[in-house]
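Basically the working numbering = 1-based index in the sequence shown + 585.
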Amino acid sequence: MTDEPTELKTTVLNELHHARGAKMVGFAGYEMPVQYKLGVLKEHLHTRGRAGLFDVSHMGQVILRGPKVAEALERLVPVDVAGLAERRQRYGFFTNDAGGIEDDLMIANRGDHLFVVVNAACKEADVARMRSALEPDGITVKLLENRALVALQGPEAEDVLAEHCPAVRDMRFMDVETLPIAGAECWVSRSGYTGEDGFEISVPNVAAVDLVKSLLADARVEPIGLGARDSLRLEAGLCLYGQDLDPETSPVEAGLTWAIQKVRRAGGARAGGYPGAERVQREMAEGAARKRVGLRPEGRAPMRAGVVLYDAEEGGAEVGAVTSGGFGPSVEGPVAMGYVSAASASEGTPLWGELRGKRVPVRVAALPFVPAGFKR
Numbered sequence: 586m587t588d589e590p591t592e593l594k595t596t597v598l599n600e601l602h603h604a605r606g607a608k609m610v611g612f613a614g615y616e617m618p619v620q621y622k623l624g625v626l627k628e629h630l631h632t633r634g635r636a637g638l639f640d641v642s643h644m645g646q647v648i649l650r651g652p653k654v655a656e657a658l659e660r661l662v663p664v665d666v667a668g669l670a671e672r673r674q675r676y677g678f679f680t681n682d683a684g685g686i687e688d689d690l691m692i693a694n695r696g697d698h699l700f701v702v703v704n705a706a707c708k709e710a711d712v713a714r715m716r717s718a719l720e721p722d723g724i725t726v727k728l729l730e731n732r733a734l735v736a737l738q739g740p741e742a743e744d745v746l747a748e749h750c751p752a753v754r755d756m757r758f759m760d761v762e763t764l765p766i767a768g769a770e771c772w773v774s775r776s777g778y779t780g781e782d783g784f785e786i787s788v789p790n791v792a793a794v795d796l797v798k799s800l801l802a803d804a805r806v807e808p809i810g811l812g813a814r815d816s817l818r819l820e821a822g823l824c825l826y827g828q829d830l831d832p833e834t835s836p837v838e839a840g841l842t843w844a845i846q847k848v849r850r851a852g853g854a855r856a857g858g859y860p861g862a863e864r865v866q867r868e869m870a871e872g873a874a875r876k877r878v879g880l881r882p883e884g885r886a887p888m889r890a891g892v893v894l895y896d897a898e899e900g901g902a903e904v905g906a907v908t909s910g911g912f913g914p915s916v917e918g919p920v921a922m923g924y925v926s927a928a929s930a931s932e933g934t935p936l937w938g939e940l941r942g943k944r945v946p947v948r949v950a951a952l953p954f955v956p957a958g959f960k961r
């Protein structure tokens, strides 16, 4: 006997996706658009050149409220939450007792509460983790079911959004504001998952369709699906949880130590105190045995997740594997990320990836493949 397929959830924008001719797929338990009529390649390039609009309402939006909530959350993440200024946002990740990453997330200080956005596939586990750790201290953990989340990304995103609310021009990267857009009270952050300048907009469900229609009425904006979202984030050197990050992989191996502020590091005023701190601090001091790197395959054939990497064309040693890979439309060639031994992680190191029984040359490359366009 086989289990009946689980019915996919839908976002409040589902009908709009179908009306725009989207090809829909199952992703993290939701029916989501993988591409629209433009196709992945053109959607990718449109986002890099103009402005793309993404439905990311499947992600978890969580409010944490209570006494010393920032200090309490620091017990779960190796990030300076207590020092996060009001109306600012910071990237972080949950760690486990072994120092691996359970999920990555965004944390915003909205004055009397923290606003946390977590990945769709992890949100139930993340909410359970936060409730278990924080509720005994009187902190409420509320998963919002009444708000959608969309991302407007690209070099023309500011100009587009400023026609609805000129105040967005005053925002810089990782700022968070409450702003009126298309008649709705929106929680807006200047951030995103493409490497481009842009905004993520949390909007009440009841206003989401009208807001999205008003943005798509602008000739500079196209709807963008998961296919281009993946190629954009890969070119930007950004991790996808479940591929580039997992419960066995530490922040040091993943190259994410920039997100561990000085105050939380060894010798800092609030060093440690989070799950797996011993491993993370040890690896920060001594180095990790493997590292996440960029990879540029030779030729036109992409190297996708799971391709094994060797240090020689024949024989030799297995030194790592690809975790994300595909064609990079902006760089006009295949790009990938993966983990390799520390000895093989220097930029320019020649390696070989095994594709269909044949070893193909690939070179360790600097990340990102496309420079970030953030407004600092």
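Cβ atoms here follow ideal geometry from the backbone N, Cα and C, with glycine treated the same way.
Quick one: using the 10 Å Cβ neighbour count with 16 as the cut-off for buried, is residue i buried or exposed?
i: Thr725; result: exposed
i: Trp772; result: buried
i: Asp588; result: Below a pLDDT of 50, predicted positions are generally treated as unreliable, and Asp588, at 48, falls in that range; the measurement from the model is reported next regardless. Answer is exposed; the Cβ neighbour count stays below 16.
i: Ala683; result: exposed
i: Trp937; result: buried
i: Ser931; result: exposed
i: Ser909; result: buried
i: Pro555; result: Here the chain has residues from 586 to 961 only, and residue 555 is not among them.
i: Val947; result: buried
i: Lys798; result: exposed
i: Asn694; result: buried
i: Glu748; result: exposed
i: Pro956; result: exposed
i: Asn731; result: exposed
i: Ala705; result: buried
i: Pro765; result: exposed
i: Met586; result: In this predicted model, Met586 has a pLDDT of only 40, less than 50, meaning its place in the structure is not dependable; the value taken from the coordinates is given anyway. With fewer than 16 Cβ atoms within 10 Å of its Cβ, Met586 is classed as exposed.
i: Ser642; result: buried
i: Lys708; result: buried
i: Asp722; result: exposed
i: His603; result: exposed
i: Ala670; result: exposed
i: Thr591; result: exposed
i: Ala733; result: buried
i: Glu833; result: exposed
i: Ala897; result: exposed
What are the boundary residues of the beta strand (DSSP E) that residue i is part of?
i: Gln846; result: No beta strand (DSSP E) contains Gln846, which DSSP labels as neither H nor E.
i: Glu903; result: Glu903 to Gly913
i: Glu807; result: Val806 to Pro808
i: Leu952; result: Premise fails: Leu952 is in no beta strand (DSSP E) and is neither H nor E.
Since I believe residue j is in contact with residue i (beta carbons under 8 Å), could you give me their beta-carbon distance rounded to a whole number of angstroms?
i: Gly685; j: Asp831; result: 7 Å
i: Arg875; j: Ala927; result: 6 Å
i: Tyr615; j: Thr595; result: 7 Å
i: Phe679; j: Arg650; result: Contact flag wrong, Cβ pair sits at about 19 Å.
i: Val925; j: Val878; result: 6 Å
i: Pro953; j: Gly812; result: Their Cβ separation, rounded to whole angstroms, is 19 Å, which puts Pro953 and Gly812 out of contact at 8 Å.
i: Val788; j: Val735; result: 7 Å
i: Ala769; j: Leu796; result: 6 Å
i: Leu630; j: Pro914; result: 6 Å
i: Ile809; j: Thr632; result: 6 Å
i: Gly637; j: Pro740; result: Gly637 to Pro740, Cβ: 11 Å. No contact.
DSSP has residue i in a bridge; who is on the other side?
i: Val773; result: Glu762 and Ile786
i: Pro882; result: Val947
i: Tyr859; result: Answer is none; Tyr859 lacks a bridge partner.
i: Ile648; result: Phe700 and Lys727
i: Lys608; result: Gln620
i: Thr680; result: Ile686
i: Met691; result: Tyr676 and Val702
i: Gly594; result: Here residue 594 is Lys; the residue named in the question, Gly, does not match the sequence. Answer is Tyr615.
i: Ser926; result: Arg875
i: Val893; result: Ala906
I need the DSSP call for residue i, collapsed to helix, strand or coil.
i: Met715; result: helix
i: Leu549; result: The question about residue 549 has no answer here: the residues shown for the chain are numbered 586 through 961.
i: Leu746; result: helix
i: Gln828; result: coil
i: Asp584; result: Here the chain has residues from 586 to 961 only, and residue 584 is not among them.
i: Arg732; result: strand
i: Ser931; result: coil
i: Ala921; result: strand
i: Leu737; result: strand
i: Asp665; result: coil
i: Pro721; result: helix
i: Glu589; result: Any reading at Glu589 is ruled out, since the residue's pLDDT is 47, under 50, leaving its predicted position unreliable.
i: Ala767; result: coil
i: Ala854; result: coil
i: Arg757; result: coil
i: Phe959; result: coil
i: Met888; result: coil
Taking 7 Å as the CB-CB limit, is residue i close to chain B?
i: Tyr826; result: Of the chains in the structure shown, none is chain B; there is only one protein chain.
Taking the alpha helix (DSSP H) that residue i falls in, what are its first and last residues?
i: Leu936; result: No alpha helix (DSSP H) contains Leu936, which is instead part of the beta strand (DSSP E) from Pro935 to Leu940.
i: Ser816; result: Leu811 to Glu820
i: Leu658; result: Val654 to Leu658
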